[in-house]
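Let me begin by presenting the structure, written as structure tokens, before commenting on it.
Residue numbers (this note's numbering), protein chains in the order written: chain A, 563 to 958; chain B, 83 to 377.
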């Protein structure tokens with residue numbers, strides 16, 4: 563049986579590399595066009611080429627999202643774009659448009675066709691429809707329970723990709739235009755303003771319902787740590803983490819956590835799910851729930867005015883180099899921290915380790931008490947062996 | 083060539099009323115499988131209504147536009163087997179429905195209501211090849227909508243509250259649980275959601291299949307039918323009757339009848355504007371945040 567793929571988001575080249583180094587088997591990225599995350603940095607063709615090269619060196623795949631619902635002008639240059647990304651070594655495209663599927667089959671036949679969650683795929687009969695179109699994979703709607711997912715897979719010939727972590731829409735994906743209405747920002751071409759997360763009053767005719775509390779329709783994020791084993795056993799082909807807008811640190815933390823869970827399954831080891839949740843909370847900025855996996859959505863899946871103290875840790879730096887002899891690490895600052903702080907360091911092959919920062923200097927060896935400048939290069943002694951791309955964080 | 087008019091079976095019509103209705107296709111919504119807020123008919127009632135509509139010289143059309151989950155799919159297809167022969171058309175949103183009926187060579191008018199997907203001529207042409215009439219996306223401006231309409235092989239949802247959100251979540255009932263209040267939200271009843279910083283009241287309804295939110299205005303694109311190119315290209319014009327009163331519905335149908343007969347419609351359209359309908363998205367240009375055109 564083929565091993566399940568861990569699929570991570572990457573909003574830019576740096577995040578792509580981090581995702582793969584921290585354990586993703588594949589990444590999905592957005593190009594400068596056609597992507598539903600218009601505010602992500604997104605990839606130029608040169609970036610895509612470099613990203614694919616890096617991925618190949620690490621035995622990983624790259625998928626490009628082309629999952630906007632296109633208007634007429636969006637089809638300019640689509641054929642050239644498809645040819646370019648195929649030539650770069652991209653494995654597949656994630657699409658919502660039937661026209662783009664048809665064109666890809668003709669001009670870039672090596673690209674796998676993956677049908678986006680935007681198409682609200684929730685049953686095995688519609689999977690048959692996409693199979694006839696020549697799709698290789700479908701990304702399921704997030705409204706399916708685990709039982710439904712299992713049944714759907716058992717009746718389908720295509721690969722099935724399932725979201726396991728990250729933001730959830732309250733609407734069926736691809737069917738919401740609240741953002742278009744309220745702000746003019748096109749929800750289905752990358753501009754969603756998350757209007758569902760704003761505050762609303764409810765009225766019965768002209769009479770206001772409820773107390774002083776506003777209704778916030780927003781959903782908690784999805785966290786499927788408890789379902790990974792079931793998903794693998796059901797035959798899910800790819801476990802997808804949402805979040806091309808998310809930070810480097812978020813991607814590293816979440817990917818690493820799910821990598822450990824997946825590897826534990828294949829090594830027939832047990833994993834402490836509560837510990838996994840604690841780890842994820844170090845990067846999560848929103849409360850999480852199982853979503854629809856347990857069945858119909860309940861109050862537990864809604865945010866309303868729930869407050870959280872997440873994330874529990876703050877990303878403060880990333881290792882650039884390390885000298886084993888001197889134990890001096892070159893670190894790039896990503897957030898404020900001070901001498902005397904207890905920092906936690908972690909990496910793809912490094913368990914969480916805490917140490918107290920006793921001293922540090924800038925790159926010219928001037929002593930510093932605080933690291934306050936973004937991307938500042940620092941030198942500090944770290945008492946364990948660390949590697950480039952390992953990350954530092956501290957308690958908030 | 084004239085366009086066909088589609089309207090919902092929005093009340094318990096008599097045979098005579100149906101015969102006299104200025105509509106060609108009448109959509110009977112099946113409870114539990116339609117997003118129509120007024121969907122209340124079970125299978126046998128739907129079949130009986132379809133029979134009556136046919137006898138009255140109109141085309142019964144099945145409203146079956148919910149997204150179907152895996153646990154529902156077998157039952158959904160059994161229901162279709164049971165009732166589809168009674169219908170001349172079907173409005174669906176889940177392509178599973180199209181796939182199933184096509185595989186059984188069902189000779190019927192397929193009207194694909196995805197709400198948002200048909201936003202280009204290219205997408206429209208794709209469905210033309212499959213003999214499917216798609217409904218043009220709701221949120222397009224006049225220029226975009228006109229271009230696609232003139233391309234032909236389309237349906238236009240030209241009048242009524244537009245649905246802008248469709249959730250599987252029972253948002254009102256969950257809010258009730260959250261408040262732990264004595265207030266009881268009713269199913270299929272229209273409430274309003276008002277955003278904190280805006281004065282608009284958006285209808286919100288919780289049905290058997292989930293929660294829907296609509297535009298705060300009655301969308302009115304009937305003016306487009308004054309354009310001969312558009313009028314002669316469109317296959318269907320739909321009046322969505324959720325939450326509308328009879329006067330508005332009749333006025334809209336009258337406009338469509340007059341448009342089809344080449345009569346002036348501007349006076350009646352103006353009357354509808356005075357009654358509070360709006361061109362809505364027709365006059366707006368949705369934009370991307372960065373990285374795309376119109377940014």
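From the three backbone atoms N, C-alpha and C, an ideal C-beta is built for every residue, glycine too. Note that the coordinates shown come from a computational prediction; the quantities given were computed from them, not determined experimentally.
- Among the residues facing chain B, residue 738/A is included, as its CB has a counterpart in that chain under 7 Å away.
- Its chain contains 648 as the residues whose beta carbon lies nearer than 8 Å to that of residue 672/A, once the 5 sequence neighbours on both sides are disregarded; these appear in chain order.
- Counting only Cβ-Cβ distances below 9 Å, residue 150/B has contacts in chain A at 684, 685, 687 and 688, in chain order.
- Listed in chain order, the positions of the region 646–665 of chain A with a beta carbon within less than 8 Å of a beta carbon of chain B are 658, 659, 660, 661 and 664.
- Nearest C-alpha to residue 324/B among 228/B, 93/B and 85/B: 93/B.
- The DSSP assignment places 686–695 as complete runs of the alpha helix (DSSP H) inside the region 664–713 of chain A, in order along the chain (cut-off: 4 residues).
- A distance of 7 Å or more separates the beta carbons of residue 105/B and residue 131/B.
- Taking 7 Å as the threshold, the shortest C-beta distance from residue 197/B to chain A falls below it.
- Boundaries for residue 895/A: no alpha helix (DSSP H) harbours it, while the beta strand (DSSP E) harbouring it runs 890–895, taken from the DSSP string.
- Taking C-alpha positions only, residue 341/B is separated from residue 317/B by approximately 13 Å.
- Residues of the same chain with a CB within less than 6 Å of the CB of residue 659/A, apart from the 5 flanking positions on each side, are 632 in chain order.
- Relative to the Cα of residue 824/A, the nearest Cα in the group 756/A, 845/A, 700/A and 793/A belongs to 793/A.
- In the displayed model, residue 793/A falls within a helix according to three-state DSSP.
- By the Cβ criterion, the region 94–102 of chain B is not in contact with the region 110–122 of chain B, since fewer than three pairs of Cβ atoms, one from each stretch, lie closer than 8 Å.
- Rounded to the nearest angstrom, the Cβ distance from residue 591/A to residue 624/A is 6 Å, consistent with a contact under 8 Å.
- Of 784/A, 668/A, 752/A and 836/A, the smallest CA-CA separation from residue 730/A is found for 784/A.
- Residue 203/B belongs to the set of residues whose beta carbon lies under 7 Å from a beta carbon in chain A.
- When DSSP states are grouped into helix, strand and coil, residue 108/B belongs to the strand group.
- For the pair residue 321/B and residue 354/B, the Cα-to-Cα distance works out to about 14 Å.
- The C-alpha of residue 893/A lies about 6 Å from the C-alpha of residue 939/A.
- Residue contact with chain B for residue 777/A: present (Cβ-Cβ distance below 7 Å to some residue of chain B).
- For residue 264/B, there are no C-beta contacts with chain A under 9 Å, since the nearest C-beta of that chain is about 11 Å from it.
- Under the Cβ criterion (8 Å, minimum of three pairs), the region 753–764 of chain A does not count as touching the region 801–813 of chain A.
- Contact between residue 720/A and residue 568/A is ruled out by a C-beta separation of about 19 Å, above the 8 Å threshold.
- If the five residues before and after residue 315/B are omitted, its C-beta is found closer than 8 Å to the C-beta atoms of 231, 232, 233, 234 and 236, all from its own chain and listed in chain order.
- The alpha-carbon separation between residue 942/A and residue 901/A amounts to approximately 10 Å.
- With respect to residue 817/A, residue 585/A sits close: the two C-beta atoms are nearer than 7 Å.
- Residue 723/A is not a Cβ neighbour of residue 698/A, given a cutoff of 7 Å.
- For residue 284/B, the uninterrupted beta strand (DSSP E) run begins and ends at 284–289, by DSSP.
- Among the residues of the region 236–249 of chain B, those with a Cβ less than 9 Å away from any Cβ of chain A are 244, 245, 246, 247, 248 and 249, in the order of the chain.
- One finds nothing in chain B with a Cβ atom closer than 8 Å to the Cβ of residue 792/A; even the nearest lies about 15 Å away.
- From the listed residues 102/B, 143/B, 129/B and 103/B, the smallest Cα separation to residue 109/B is found for 143/B.
- When the beta-carbon positions are compared, residue 842/A and residue 868/A stay at least 7 Å from each other.
- Nearest in C-alpha terms to residue 147/B, of all of 344/B, 270/B and 217/B, is 217/B.
- Legend: CB atoms of the region 631–645 of chain A lying less than 8 Å from CB atoms of chain B belong to residues 631, 632, 633, 634, 635, 636 and 637.
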